[in-house]
Amino acid sequence: MAAQTETISSIEKQIGSLEKSSWNTKKGSAVDDEAAIITPELRRARRHVQESHCYSSNYKLCPPNYYTLSLDERKTILGAHSTSQLCKACLFENKNFVPNNTTDGNNNKEADVTNSRYYLVVVQYVESINTKKLASELRGLRPPGPKRFDTGYFSDLRLAPEEISEQLTGYGHNGVSPFGMLDRSIPVVVCKSIKNVRPAYVWMGGGHRDWKLGMAVSEFVRGVNGIVLDVSEPRI
């Protein structure tokens, strides 16, 4: 029995090593480290990346102290050319949200990117989200006329509580990825400034606080059906 248990353990380790080696990681990543556990959340994010044909994607396992480091130090770990390539995802809630009355053929409420209770906004660390600009841009998703919301509809946009963010995205603090969210109906807003990054390659949450996902900006926007809006401004 002991020999059988040892054999099973050995096989499990081999399977784990094979899975880790299949991840397209940046050179120098500690992917073979014993602490590098591939979680269900990481697999879910990766599946979305693969299904979206984001062929430029790379993964990087970061040290546990990553978030205590400066942006320049993080940039070095990721192998990025500029701190402007480092991004994060924040879940916002419209506290004034009123559901649409329209339904699909199965009597389910239809998803409407112009009127969602929650929006996941991806922004660079060197920028900050301007909620007034976000409100204006979201309102502008509908053409002028009777169907456009009044000026106060998006006036109360707030960061969703961490427990709500984890419940809807499936990812914990510092690990939120725009790929593989549990609630895929949540629209992803991509800050317009990200389109100006050069080289046109960005890093974001990979589905776990220690894992970062990098890819070409064009593939990222396409992969998450991103809505590109001018909603950020440089940090002072």
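Whatever position you read off the sequence shown (first residue = 1), add 218 for the numbering used here.
Ideal placement from N, C-alpha and C gives every residue a C-beta, glycine not left out.
What do you get for residue i, buried or exposed, if any count of 16 or more other CB atoms within 10 angstroms of its CB means buried?
| i | result |
| --- | --- |
| Arg453 | exposed |
| Glu380 | exposed |
| Asn283 | exposed |
| Asn324 | Caution applies to Asn324, whose pLDDT of 47 falls short of 50 and renders its modelled position unreliable; the value that the coordinates give is listed next. Its Cβ having fewer than 16 others within 10 Å, Asn324 is exposed. |
| Pro405 | buried |
| Gly363 | exposed |
| Ser288 | exposed |
| Val267 | buried |
| Leu447 | buried |
| Val435 | buried |
| Arg387 | The sequence given here places Thr at residue 387; Arg does not occur at that position. Thr387 should be labelled buried. |
| Arg265 | exposed |
| Leu236 | With a pLDDT of 45 at Leu236, under the threshold of 50, the modelled position of that residue is not reliable, and no figure is offered here. |
| Asp428 | buried |
Excluding sequence positions up to five away, which residues of its chain have a Cβ less than 8 Å from the Cβ of residue i?
| i | result |
| --- | --- |
| Ser403 | Ala329, Ser334 |
| Ile295 | Lys278, Cys280, Pro281, Tyr284, Leu287 |
| Asn414 | none |
Going by beta carbon distance, what residues of the same chain come within less than 6 Å of residue i, once the five residues before and after it are set aside?
| i | result |
| --- | --- |
| Ser270 | Gly441 |
| Lys351 | Val449 |
| Gly390 | Glu384 |
| Arg366 | Arg360 |
| Glu437 | Cys272, Ser274 |
| Ala378 | Leu309, Glu311 |
Just grab the DSSP bridge partners of residue i for me.
| i | result |
| --- | --- |
| Cys305 | Gln342 |
| Tyr285 | Tyr285 is not bridged to any residue. |
| Val407 | Val339, Ile445 |
| Ala434 | Tyr419 |
| Asn312 | Leu375 |
Ends of the beta strand (DSSP E) at residue i?
| i | result |
| --- | --- |
| Ser354 | No beta strand (DSSP E) contains Ser354, which is instead part of the alpha helix (DSSP H) from 349-357. |
| Arg376 | 375-377 |
| Ser270 | It is not in any beta strand (DSSP E) - Ser270 carries neither H nor E in the DSSP assignment. |
| Tyr419 | 419-426 |
| Leu279 | 276-279 |
| Pro452 | 450-452 |
I think residue i touches residue j, with their Cβ atoms under 8 Å apart; what is that distance to the nearest whole Å?
| i | j | result |
| --- | --- | --- |
| Ser373 | Asn314 | 7 Å |
| Cys308 | Val331 | Not confirmed; about 17 Å, so no contact. |
| Asn396 | Met422 | Per the sequence shown, the amino acid found at residue 396 is Pro instead of Asn. Indeed they touch by this definition, with Cβ atoms about 7 Å apart. |
| Val439 | Leu338 | Not quite, the Cβ-Cβ distance comes to about 13 Å (not below 8 Å), so this is no contact. |
| Phe310 | Tyr336 | 7 Å |
| Gly398 | Arg262 | 4 Å |
Regarding residue i and the ligand GDP, is the C-beta to nearest heavy atom distance less than 8 Å?
| i | result |
| --- | --- |
| Asn392 | By its list of ligands, the structure shown contains no ligand whatsoever, and the ligand GDP lies outside what it can speak to. |
Enumerate in chain order the residues of its own chain whose CB-to-CB distance from residue i is below 7 Å, with the five nearest sequence positions on each side excluded.
| i | result |
| --- | --- |
| Tyr371 | Asn314, Arg357 |
| His426 | Thr257, Glu259, Leu260, Gly393 |
| Glu345 | Cys409, Ser411, Ser450, Glu451, Pro452, Arg453 |
| Ala298 | Leu304, Trp421 |
| Thr349 | Leu375 |
| Gly424 | Leu260, Ala263, Tyr277, Ser395, Lys430, Leu431 |
| Leu400 | Leu386, Thr387, Gly388 |
From which residue to which residue does the alpha helix (DSSP H) around residue i run?
| i | result |
| --- | --- |
| Ser383 | 380-387 |
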